[in-house]
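The sequence shown begins at 1 in the UniProt record's numbering and counts up by one. In this text, a Cβ means the ideal position worked out from N, Cα and C, and glycines have one as well. Take a look at the structure below.
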Amino acid sequence: MSKIVSDVALVIEGGGMRAAYSAGLLSVLLKQGIEFSYICGVSAGASCATNYMTHDVDRLKRCFVDIADDPQIGGTRSFLRGHGYFNSEYLYGRCCYPDGALPFNMDAFLASDVTLRVQAFERDTGRTVLFSREDMDTLDKLLTVIRASSSLPIVMNPTAVNGRVMYDGGLGTGAGLPTHIAEKDGFSRFFVVTTRQAGYRKTPPQGMKRRLMLQTFRDYPYVRDALLTRASRYNNALDHLAALEADGNALVVRPDVMKLKNTTLNRDELEVAYALGHSQGLRELPRWLAFLGITDS
Numbered sequence: 001m002s003k004i005v006s007d008v009a010l011v012i013e014g015g016g017m018r019a020a021y022s023a024g025l026l027s028v029l030l031k032q033g034i035e036f037s038y039i040c041g042v043s044a045g046a047s048c049a050t051n052y053m054t055h056d057v058d059r060l061k062r063c064f065v066d067i068a069d070d071p072q073i074g075g076t077r078s079f080l081r082g083h084g085y086f087n088s089e090y091l092y093g094r095c096c097y098p099d100g101a102l103p104f105n106m107d108a109f110l111a112s113d114v115t116l117r118v119q120a121f122e123r124d125t126g127r128t129v130l131f132s133r134e135d136m137d138t139l140d141k142l143l144t145v146i147r148a149s150s151s152l153p154i155v156m157n158p159t160a161v162n163g164r165v166m167y168d169g170g171l172g173t174g175a176g177l178p179t180h181i182a183e184k185d186g187f188s189r190f191f192v193v194t195t196r197q198a199g200y201r202k203t204p205p206q207g208m209k210r211r212l213m214l215q216t217f218r219d220y221p222y223v224r225d226a227l228l229t230r231a232s233r234y235n236n237a238l239d240h241l242a243a244l245e246a247d248g249n250a251l252v253v254r255p256d257v258m259k260l261k262n263t264t265l266n267r268d269e270l271e272v273a274y275a276l277g278h279s280q281g282l283r284e285l286p287r288w289l290a291f292l293g294i295t296d297s
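Below is the structure:
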């Protein structure tokens, strides 16, 4: 039997392939029949959100584990050919069509009553852009929005949405932690799934990484500046989240261990991360249910 949570927002951080761990965590909630009436996500967190909405436990895993076996998803050769290390045109296109490797259940998405919010970053204005269900009423529109939110700079090509060029939502407000979206929409309690361990602090880009950002985005100052300031903004968002947690208004699920990079494509490593996330979810479930006000019966 489904258990609908309407007074707590489900907030899902991105993190590229680190979301394999998040998928394991979220699968525990789905198998318990727990539905949130409001979900917001950024980047890979947006992909997790859509799978959660459609109650697709299998696809939740396949998107971040099994997909590593698909040679079309990208890699070094794809990057050198100009398609990005992750081939977003494939990942958020043919792959998700009814005859693709990971068909998305659009009928279930349209039938859902869940409020969904997804964030992206506009390249030429520096604006944080929020998308809602109304912007995703067809499969192609939905895939374009999720692709835009997930378009990691350098690693992936940008995505055009209605003529506006977008990059990963992690460049915008919150720097990847989307709690502010739910706050803006009036929520005061949050169930937050993150992809970093307790105590993590982001450090500013240095050396070659910084030079690469400066060179690559020399003609796009908003992207460049967002990348260079992201660490401090992310850490500020962490501090805000910690304050919400200390006040009892947020339950923050942090991975016990995180060895993945956002670009990890090793199937075995992704499988382990998913299993660890699932195990952690089972172990922490009583605490989660208590926060959500659900009696485990």
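- The DSSP assignment places complete alpha helix (DSSP H) segments of no fewer than 4 residues inside the region 206-254 at 207-216 and 221-246, in order along the chain.
- For K3, the enclosing beta strand (DSSP E) covers residues K3 to V5.
- E134 is bridged by DSSP to nothing; it lacks a bridge partner.
- In chain order, I4, V5, S6, D113, V114 and T115 place their CB closer than 8 angstroms to the CB of S37, counting only its own chain and leaving out the 5 sequence neighbours on each side.
- By the Cβ criterion, the region 230-237 is in contact with the region 172-185, since at least three pairs of Cβ atoms, one from each stretch, lie closer than 8 angstroms.
- Every unbroken stretch of the alpha helix (DSSP H) spanning 4 or more residues and falling wholly within the region 86-126 is given here in chain order: 88-91 and 106-111.
- Where G45 is concerned, the enclosing alpha helix (DSSP H) starts and stops at A44 to M53.
- According to DSSP, I34 shares a beta bridge with K3.
- Pairing T50 with I146 gives a Cβ-Cβ distance under 8 angstroms.
- In terms of CA proximity to T76, V155 leads the group V155, L260, Y222 and M166.
- Less than 8 angstroms separates the beta-carbon of A46 from that of V118.
- Between S2 and G33, the CB-CB gap stays under 8 angstroms.
- Positions of the beta strand (DSSP E) runs, each at least 3 residues long and wholly inside the region 136-212, are given as 159-161, 164-168 and 190-193 in order along the chain.
- When rounded, the separation of the alpha-carbon atoms in H278 and L142 is 27 angstroms.
- Between the alpha carbons of F64 and R164 lies a distance of about 28 angstroms.
- E13 and V42 have their C-alpha atoms roughly 6 angstroms apart.
- For the pair Y92 and N162, the Cα-to-Cα distance works out to about 16 angstroms.
- In the structure shown, the three-state DSSP call for I67 is helix.
- Around the CB of A273, 16 or more other CB atoms lie within 10 Å, so the residue is classed as buried.
- With contact defined as three or more Cβ pairs closer than 8 angstroms, the region 183-194 and the region 250-258 are in contact.
- Under the three-state reduction of DSSP, I294 is assigned to coil, being neither helix nor strand.
- By the neighbour-count criterion, in which 16 or more other beta carbons inside 10 Å mark a residue as buried, P153 falls on the buried side.
- T76 sits in a helix when the DSSP states are folded into three classes.
- For V11, no alpha helix (DSSP H) run applies; the uninterrupted beta strand (DSSP E) run containing it begins and ends at A9 to I12, by DSSP.
- In chain order, A9 and Y38 place their CB closer than 7 angstroms to the CB of F187, counting only its own chain and leaving out the 5 sequence neighbours on each side.
- The DSSP-derived three-state label of G24 is helix.
- Burial is judged here by how many other beta carbons sit within 10 angstroms of a residue's own beta carbon; R283 has fewer than 16 and is exposed.
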